[in-house]
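What follows is a short report on a single structure.
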Amino acid sequence: MERLQGLLGIVAILGLLILFSRARKQINWRTLGVGLALQVLLSLLVLKWSVGFNAMKSVSKGLQKLTDFTNEGTSFVFGSLFGTENSFVFALNVLPVIIFLGAIIGALYYFRVIQFFVDIVGGALKWLLGTSKVESVWASTVIFLGQSEAPLVIQSYLKKLTRSELFTCMTGGFASVAGSTLIGYSLLGAPLEYLLAASVMNARALFLWLRPLCQRQRNQLLTRMFGMSATRRVKTLWTPSVGVP
345 MERLQGLLGI VAILGLLILF SRARKQINWR TLGVGLALQV LLSLLVLKWS
395 VGFNAMKSVS KGLQKLTDFT NEGTSFVFGS LFGTENSFVF ALNVLPVIIF
445 LGAIIGALYY FRVIQFFVDI VGGALKWLLG TSKVESVWAS TVIFLGQSEA
495 PLVIQSYLKK LTRSELFTCM TGGFASVAGS TLIGYSLLGA PLEYLLAASV
545 MNARALFLWL RPLCQRQRNQ LLTRMFGMSA TRRVKTLWTP SVGVP
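Written out as structure tokens, the structure reads:
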């Protein structure tokens, strides 16, 4: 019954989105079909198949190691204020982890590791869903950087976005959170492997839900493939690590 309820929910939400669509005749049914199929495959891969579940477990264990490193540093700085039995202080248990993970992501961004993954995932999304490169790169970026930092990746193109691309970028940021924030949620009790799965799945699901409302428009200025040359370059590792603009 619960599975049927979820299926009915998907059909109902899609029906409402199509009902409020600005141009129903221009809806790209291929994008909807492939997007829905990807969601089903990703959910099976993460939740049902041992390979995907074990992969998520491994990633979550690695992130947990980073959390342990942060706890050691917090304990060294705050001493007896941190780690008291049966106590949880948000400022000491969660915020240092978010700051530490944010610095690591900034360093990975500086060494262009994030850009490498974004290019791969963005190109795959563009090929599978028929979305524009801007939208695909945005959907890939929000997995790592979150809504507030992701616009920096496409900042040189923001003034040239079409209405549909701007709509996707503005609303799609709510589909996921930054990697450092995921750790914060896990410290509050949420299973990290499920948080990771939801973050990855939601980045693809945004096209499934947003495309019926606002169809893609051709943008001749942005049809060429662009890489990470649009990203803001910094001269030192210190700048992205501490979040200096």
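Residue numbers for the sequence shown follow our numbering, beginning at 345 and rising by one. Quick reminder that beta carbons are idealized off the backbone N, C-alpha and C, glycines included.
*Buried or exposed for V438, please, with buried defined as at least 16 other CB atoms from any protein chain shown within 10 angstroms of its CB.*
buried
*Indicate whether S476 and E509 have their beta-carbon atoms separated by less than 8 Å.*
yes
_Identity of the residue in V378, S419 and L436 nearest L552 by Cα_ = V378
_Neighbourhood of L550 by C-beta distance below 8 Å, restricted to the same chain and skipping five residues each side_ = A483, T512, T515, G516 and A519
*Counting only runs of 3+ residues fully inside the region 377-422, write out the beta strand (DSSP E) ranges in chain order.*
none
*asked:* Give the list of continuous beta strand (DSSP E) stretches no shorter than 3 residues that lie fully inside the region 435-516.
replied: Qualifying beta strand (DSSP E) stretches: none in this window.
*Within the same chain, show all residues whose beta-carbon is closer than 7 Å to that of F494, passing over the 5 residues directly before and after it, in chain order.*
Here the sequence assigns Ala to residue 494, which means Phe is not the residue at that position. If we look at A494 and ignore the five residues flanking it on each side, its Cβ neighbours are W482, T485, V486 and G517.
*For A367, three-class secondary structure by DSSP*: coil
*Tell me, to the nearest whole angstrom, how far the beta carbon of I362 is from that of I354; I am working on the premise that it is less than 8 Å.*
About 12 Å separates the beta carbons of I362 and I354, which is beyond the 8 Å limit, so they are not a contact pair.
*asked:* For S404 and S543, what's the separation of their Cα atoms in angstroms?
replied: 13 Å
*Pick out whichever of L436, E479 and L351 has its Cα sitting closest to the Cα of S505.*
In the sequence on display, residue 505 carries Leu and not Ser. For the residues L436, E479 and L351, the minimum Cα distance to L505 belongs to E479.
_CA-to-CA distance, T525 to L472, given in whole angstroms_ = 29 Å
*Spatial distance of L407 from R366 (CA atoms)*: 42 Å
*State buried or exposed for I592, treating a residue as buried only when at least 16 other CB atoms are found within 10 Å of its CB.*
Given that the chain is displayed from residue 345 to residue 589, the structure contains no residue 592 and the question cannot be resolved.
*asked:* Taking its Cβ as the centre, do 16 or more other Cβ atoms sit within 10 Å of Q459, making it buried, or is it exposed?
replied: buried
*Heavy atom of the ligand SAM less than 7 Å from the Cβ of A549, yes or no?*
Looking at this structure, you won't find the ligand SAM or any other ligand, since it has none at all.
_N-terminal and C-terminal residue of the alpha helix (DSSP H) that F551 is part of_ = L536 to L554
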